[in-house]
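Protein chains in written order, with our numbering: chain U, 2 to 394; chain W, 2 to 394. For every residue, glycine included, the Cβ atom is placed at its ideal position computed from N, Cα and C.
There are 2 protein chains.
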Amino acid sequence: MRGLETILVAYSEIALKSRPVRITLERRLAAQIRNMLTRKGHARVEVKRRFGRLYVEGITASEAKPLASVFGVANVMPSMRTKPDLQSVLGLTVEIATERIGEGQSFAIRPKVVGQHPYSSRDLAVEAGSAVLGALSGNGVHVDLSEPDVTLHIEVRDRDAFVYTEVLKGFGGLPYGSQGRLISLFSGGIDSPVAAWLMMKRGAEVLPLFMDQRPWVGESYIERAELACRTIAEYVPEAGFGLHTAPMGEVMSRIMEASEPKLRCVLCKRSMYRIATSFAEEQEALGIVTGESLGQVASQTLDNLFVLDSATSIPVLRPNIGLDKVEIEDIARRVGTYAVTAHRVEGCTVVPDMVTTKARIDQVRELEEELDLVDLCSDAVRGITFKDIDLEN
Amino acid sequence: MRGLETILVAYSEIALKSRPVRITLERRLAAQIRNMLTRKGHARVEVKRRFGRLYVEGITASEAKPLASVFGVANVMPSMRTKPDLQSVLGLTVEIATERIGEGQSFAIRPKVVGQHPYSSRDLAVEAGSAVLGALSGNGVHVDLSEPDVTLHIEVRDRDAFVYTEVLKGFGGLPYGSQGRLISLFSGGIDSPVAAWLMMKRGAEVLPLFMDQRPWVGESYIERAELACRTIAEYVPEAGFGLHTAPMGEVMSRIMEASEPKLRCVLCKRSMYRIATSFAEEQEALGIVTGESLGQVASQTLDNLFVLDSATSIPVLRPNIGLDKVEIEDIARRVGTYAVTAHRVEGCTVVPDMVTTKARIDQVRELEEELDLVDLCSDAVRGITFKDIDLEN
Numbered sequence: 002m003r004g005l006e007t008i009l010v011a012y013s014e015i016a017l018k019s020r021p022v023r024i025t026l027e028r029r030l031a032a033q034i035r036n037m038l039t040r041k042g043h044a045r046v047e048v049k050r051r052f053g054r055l056y057v058e059g060i061t062a063s064e065a066k067p068l069a070s071v072f073g074v075a076n077v078m079p080s081m082r083t084k085p086d087l088q089s090v091l092g093l094t095v096e097i098a099t100e101r102i103g104e105g106q107s108f109a110i111r112p113k114v115v116g117q118h119p120y121s122s123r124d125l126a127v128e129a130g131s132a133v134l135g136a137l138s139g140n141g142v143h144v145d146l147s148e149p150d151v152t153l154h155i156e157v158r159d160r161d162a163f164v165y166t167e168v169l170k171g172f173g174g175l176p177y178g179s180q181g182r183l184i185s186l187f188s189g190g191i192d193s194p195v196a197a198w199l200m201m202k203r204g205a206e207v208l209p210l211f212m213d214q215r216p217w218v219g220e221s222y223i224e225r226a227e228l229a230c231r232t233i234a235e236y237v238p239e240a241g242f243g244l245h246t247a248p249m250g251e252v253m254s255r256i257m258e259a260s261e262p263k264l265r266c267v268l269c270k271r272s273m274y275r276i277a278t279s280f281a282e283e284q285e286a287l288g289i290v291t292g293e294s295l296g297q298v299a300s301q302t303l304d305n306l307f308v309l310d311s312a313t314s315i316p317v318l319r320p321n322i323g324l325d326k327v328e329i330e331d332i333a334r335r336v337g338t339y340a341v342t343a344h345r346v347e348g349c350t351v352v353p354d355m356v357t358t359k360a361r362i363d364q365v366r367e368l369e370e371e372l373d374l375v376d377l378c379s380d381a382v383r384g385i386t387f388k389d390i391d392l393e394n
Numbered sequence: 002m003r004g005l006e007t008i009l010v011a012y013s014e015i016a017l018k019s020r021p022v023r024i025t026l027e028r029r030l031a032a033q034i035r036n037m038l039t040r041k042g043h044a045r046v047e048v049k050r051r052f053g054r055l056y057v058e059g060i061t062a063s064e065a066k067p068l069a070s071v072f073g074v075a076n077v078m079p080s081m082r083t084k085p086d087l088q089s090v091l092g093l094t095v096e097i098a099t100e101r102i103g104e105g106q107s108f109a110i111r112p113k114v115v116g117q118h119p120y121s122s123r124d125l126a127v128e129a130g131s132a133v134l135g136a137l138s139g140n141g142v143h144v145d146l147s148e149p150d151v152t153l154h155i156e157v158r159d160r161d162a163f164v165y166t167e168v169l170k171g172f173g174g175l176p177y178g179s180q181g182r183l184i185s186l187f188s189g190g191i192d193s194p195v196a197a198w199l200m201m202k203r204g205a206e207v208l209p210l211f212m213d214q215r216p217w218v219g220e221s222y223i224e225r226a227e228l229a230c231r232t233i234a235e236y237v238p239e240a241g242f243g244l245h246t247a248p249m250g251e252v253m254s255r256i257m258e259a260s261e262p263k264l265r266c267v268l269c270k271r272s273m274y275r276i277a278t279s280f281a282e283e284q285e286a287l288g289i290v291t292g293e294s295l296g297q298v299a300s301q302t303l304d305n306l307f308v309l310d311s312a313t314s315i316p317v318l319r320p321n322i323g324l325d326k327v328e329i330e331d332i333a334r335r336v337g338t339y340a341v342t343a344h345r346v347e348g349c350t351v352v353p354d355m356v357t358t359k360a361r362i363d364q365v366r367e368l369e370e371e372l373d374l375v376d377l378c379s380d381a382v383r384g385i386t387f388k389d390i391d392l393e394n
């Protein structure tokens, strides 16, 4: 074929930023695309920044799919590139049309001309349409502008022209790691992977922290957390992503001794916040991300959130707080975690018959002191281990 | 017609709750439906709770639309109700079919049989289908199960049967006010009404608090905030919703004297948090809701969120934190605030050329003390006024 295989990448929100911010984010996005392709085994890749687009070369169309999982990317268009003179553009368009439009199928031309060229978008559509018809109408190929079988996109930009027929939707957002680091309270249920993913999409680097509550919960919890972690790892361009695990069994055992069983869930959650906060300080992370949704379960009342927030000194980000269960499940399906995390695990054996919906901070603090929970949490932080998701395979 | 006009209301998340929680929420939802209809001028309305559904009587199908804006409602079905014996059901179905299926149009029967009845869903579909065809096939009326012009839903529940052809989608969520009270930092831009609405949807009662920064911003800001407030008032079933306004001009004037212009936005936002926190205490609200989205603008970095959070002692809920600008705009369109809040206002005159993205808490606190901002914020709280959105008209 006469074109050069080029993956065209479009981004949305980054384009709206002021010039210095935009350039920083474009560079970061280009680097993350390179990282993602390196993770996928493509070492010799070139990523060029051109106003409003990135050009990726060194992979084939069928290898372009992981680019749609790089945050910041709006669309991925596996294209053939040529020179922008009309003859080259029409020649390439006819070649691609011949390859991709089947007998009797319909097509449409979608032209986009950016910059100074001796033809308009409209001219291009007319010329390309008749060139394709001239070559293929013998096969029953015809134009259908509303519901074409094949859409031939022709995008002319300055010194390059691109022809493509496929657009892979990305997830938008900002490049991974461009907005600082967060610790995710990561149980591997439906909510926490969605919350972690939403903040990753907004450009945060996220370290998933799983609380190992054995022997008070079963083995299946760890397996589920690792599977969920592996699923969201697909969105992390950089190497070295994995699951951090804090041993929390001792803390749980002590909580079981509390004189108020109703407060167990609040004491447990506050311990998790506390462990995550110390881990954040150690890792220079700037906040915690959790999966809470207001009113979803008895422990997620405003009263209880107040008591939870007072166990940490850093921001708690709750991207699910305004979402319904069904909305969270919809996102989980898009992300790919639904199948993993809808997987039922045995219930937590610590949960009492009645959970308080109105914890009182003074009572909670008193119990924590009595049970020496703060010290036990420090032990848990010292015991945190790490499992690299890539190395493991 | 032989049926009784009944609006059938379905809810989703409430149905998943434990029995005592479910009953409380069902009662609250029924009360909020009555309140919403009272606000709309329908005084004599009956709302009955039946397992899994609410039955609303005393309004017509054309008056049912506001029910879809009551949070907790999944679907609104303006129906005709009859007895569940087959003869009554078929008779009503044919009457409604005759009224709503035009000449040559297609239809489908969608049956749902709950409880003990001498026929199954399948029997009902077959019987109803042939009854309608018997009555109308002379007019060219025919069955189309995949894309019917008219769908006849027949829902049989215990002692009642309902026939309806229209389903109005609600927004889901939990009944307004069932989850406690929040103060919304409400500018009336794109983000803050969406954030307030998302928390209202999750059952929070929300008091919008607008910061009147005149003379540092123009009159148009207040007008925009009032319009946005009126738009979200459509989702509030209870009377008495309106806009609270805190006079913040003095605070702004003092911030202009700060030796570090780069910190103005952080000082301003912290003052807003502080005023909202005092107002929350006064109003027994349990948190603040804000429109921040990570990395959307220079002031919404993790570093700055840390500095903002340390200006308040109560939870800050940020339902937009994980959303892209385009996602927030999509919600604004669904809510109805987009048209209002996309309306441009003159920029804030206080914003410096460079805004810090990494505020340092010690420096910020020093400046606040120097400028006596905490006292000025107390004055602002004392000056808060209220405008009732309903009374105003």
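Less than 8 Å between the beta carbons of residue i and residue j, yes or no?
i: Gly288 (chain U); j: Leu318 (chain U); result: yes
i: Ile110 (chain W); j: Ile155 (chain W); result: yes
i: Gly250 (chain W); j: Asp213 (chain W); result: yes
i: Val382 (chain W); j: Ile276 (chain W); result: yes
i: Asp150 (chain U); j: Gln106 (chain U); result: yes
i: Ala69 (chain W); j: Val195 (chain W); result: no
i: Ile100 (chain W); j: Ala62 (chain W); result: Rather than Ile, the amino acid found at residue 100 (chain W) in this sequence is Glu. Contact: no.
i: Val46 (chain W); j: Ile24 (chain W); result: no
i: Gly174 (chain U); j: Phe242 (chain U); result: no
i: Ala98 (chain W); j: Pro79 (chain W); result: no
i: Ala136 (chain W); j: Val95 (chain W); result: yes
i: Gly171 (chain W); j: Val57 (chain W); result: no
i: Ile341 (chain U); j: Leu228 (chain U); result: According to the sequence provided, residue 341 (chain U) is Val. The question's Ile does not apply to it. For Val341 (chain U) and Leu228 (chain U), yes; Cβs fall inside 8 Å.
i: Ser279 (chain W); j: Ser188 (chain W); result: no
i: Arg50 (chain U); j: Glu27 (chain U); result: yes
Can you give the beta carbon distance from residue i to residue j, rounded, assuming they're within the 8 Å contact cut?
i: Ser300 (chain U); j: Val218 (chain U); result: At roughly 16 Å, the Cβ-Cβ gap does not stay under 8 Å, so Ser300 (chain U) and Val218 (chain U) are not in contact.
i: Asp304 (chain U); j: Lys263 (chain U); result: That pair is no contact at about 13 Å.
i: Arg82 (chain U); j: Phe163 (chain U); result: 5 Å
i: Leu153 (chain U); j: Ala129 (chain U); result: 7 Å
i: Phe108 (chain W); j: Val157 (chain W); result: Contact doesn't hold; Cβ gap of about 19 Å is too wide.
i: Arg29 (chain W); j: Ser179 (chain W); result: 5 Å
i: Leu9 (chain W); j: Arg54 (chain W); result: 6 Å
Determine the direct distance from the alpha carbon of residue j to that of residue i, and round the result to whole angstroms.
i: Ser121 (chain U); j: Val114 (chain U); result: 7 Å
i: Glu258 (chain W); j: Leu372 (chain W); result: 8 Å
i: Ser131 (chain U); j: Lys84 (chain U); result: 20 Å
i: Val327 (chain W); j: His118 (chain W); result: 49 Å
i: Glu370 (chain W); j: Tyr177 (chain W); result: 39 Å
i: Thr386 (chain W); j: Met201 (chain W); result: 22 Å
i: Ile322 (chain W); j: Phe307 (chain W); result: 14 Å
i: Ala343 (chain U); j: Cys349 (chain U); result: 16 Å
i: Ser314 (chain W); j: Ala281 (chain W); result: 11 Å
i: Tyr274 (chain W); j: Glu220 (chain U); result: 44 Å
i: Leu324 (chain W); j: Pro316 (chain U); result: 17 Å
i: Ile233 (chain W); j: Leu368 (chain W); result: 37 Å
i: Leu17 (chain W); j: Val298 (chain U); result: 10 Å
From the DSSP output, which residues share a beta bridge with residue i?
i: Gly1 (chain W); result: Summary: the structure shown does not reach residue 1 (chain W), with chain W confined to residues 2 through 394, and so no result is reported for it.
i: Glu6 (chain U); result: U:Met81
i: Glu156 (chain W); result: W:Lys113, W:Phe163
i: Asp213 (chain U); result: U:Pro248
Can you check which of these residues, the options, is closest to residue i by C-alpha distance?
i: Thr302 (chain W); options: W:Leu169, W:Val267, W:Glu100; result: W:Val267
i: Val351 (chain U); options: U:Pro216, U:Glu96, U:His245, U:Arg82; result: U:Pro216
i: Met286 (chain W); options: W:Gly141, W:Leu125, W:Glu58, W:Leu208; result: Inspection of the sequence shows that residue 286 (chain W) is occupied by Ala rather than by Met. Here the closest residue by C-alpha is W:Leu208.
i: Ile329 (chain W); options: W:Leu374, W:Glu227, W:Arg51, W:Gly190; result: W:Gly190
i: Leu91 (chain W); options: W:Ala65, W:His245, W:Met78, W:Leu125; result: W:Leu125
i: Ser272 (chain U); options: U:Glu148, U:Ser311, U:Ala240; result: U:Ser311
i: Arg35 (chain W); options: W:Ala197, W:Val237, W:Thr278; result: W:Val237
i: Glu261 (chain U); options: U:Asp354, U:Val290, U:Ala247; result: U:Asp354
i: Asp376 (chain W); options: W:Glu283, W:Gly141, W:Arg255, W:Val77; result: W:Arg255
>> Using a Cβ-Cβ cutoff of 8 Å, what residues of the region 34 to 45 of chain W are near chain A? List them in chain order.
In response: Given the protein chain composition of this structure (U and W), no chain A is represented.
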